[in-house]
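Trainee: So for the sequence shown, our numbering puts the first residue at 2; every next one is plus one.
Idealized CB from N, CA, C, for every residue including glycine.
So that we are looking at the same thing, I have put the structure below in structure tokens.
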Amino acid sequence: MNLIDQINKKSLNPNVEKWDKFRTGDTVAVHVKIPDGDKFRIQVFEGTCIAMKEKGGLNGNFRVRKISSGMGVERVFPFHCPNVEKVTVVNQGKSRRAKHFYLRDRKGKSARIAIDYTQRND
Numbered sequence: 002m003n004l005i006d007q008i009n010k011k012s013l014n015p016n017v018e019k020w021d022k023f024r025t026g027d028t029v030a031v032h033v034k035i036p037d038g039d040k041f042r043i044q045v046f047e048g049t050c051i052a053m054k055e056k057g058g059l060n061g062n063f064r065v066r067k068i069s070s071g072m073g074v075e076r077v078f079p080f081h082c083p084n085v086e087k088v089t090v091v092n093q094g095k096s097r098r099a100k101h102f103y104l105r106d107r108k109g110k111s112a113r114i115a116i117d118y119t120q121r122n123d
């Protein structure tokens, strides 16, 4: 198991500890490195986090959904992807669910999640 742990440590993203703590239902801005010729630029994908799998784990990921030009767009970001620069929380959602897949079928005001104005400790 020691050899497997050493291999896994090499693929961990060191920026994960610097990210804001977020949960499903939160509106997050994900800063992603996009190759642009021989350079990289940062593109921000802002939307609602609708699912998380193995939070912080090596195989873990989170799914972010936004509405772009009237069409829903979802992206899955692995926690330890080297292209994810940082994640910041824009709004904390008041959520009682672990997965928010029901938002896919909703439009307009019914596709919103209430904002949590109380301070929560993660």
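Indicate whether the contact test is met: 3 or more Cβ pairs, each with one atom in the region 13-31 and one in the region 44-61, closer than 8 Å.
Mentor: Yes, the region 13-31 is in contact with the region 44-61.
Trainee: Would you list the residues sitting across from D37 in a DSSP beta bridge?
Mentor: For D37, which the question treats as bridged, DSSP gives the partners K40.
Trainee: Which residue's Cα is closest to the Cα of Q120: G94, F78, A99, K108?
Mentor: Taking only the C-alpha atoms, the option nearest Q120 is G94.
Trainee: Cβ of Y118 versus every heavy atom of the ligand PLP: is any distance shorter than 7 Å?
Mentor: Here there are no bound small molecules, and the ligand PLP is not part of this structure.
Trainee: So N3 is in the alpha helix (DSSP H); what residue range does that whole segment cover?
Mentor: Run containing N3: 3-11, per the alpha helix (DSSP H) assignment.
Trainee: Counting C-beta neighbours from all protein chains within 10 Å, is the total for V74 16 or more, i.e. buried, or is it exposed?
Mentor: Flag for V74 reads exposed.
Trainee: Would you grab the beta carbon distance between R157 and L104 for me? Rounded to a whole angstrom, and I think it's under 8 Å.
Mentor: This structure gives no information on residue 157, because the portion of the chain shown stretches from 2 to 123.
Trainee: How would you label V91, buried or exposed, when you count the other beta carbons within 10 angstroms and need 16 or more for buried?
Mentor: With fewer than 16 Cβ atoms within 10 Å of its Cβ, V91 is classed as exposed.
Trainee: Do you know offhand how far H101's Cα is from R64's?
Mentor: H101 and R64: Cα-Cα distance of roughly 10 Å.
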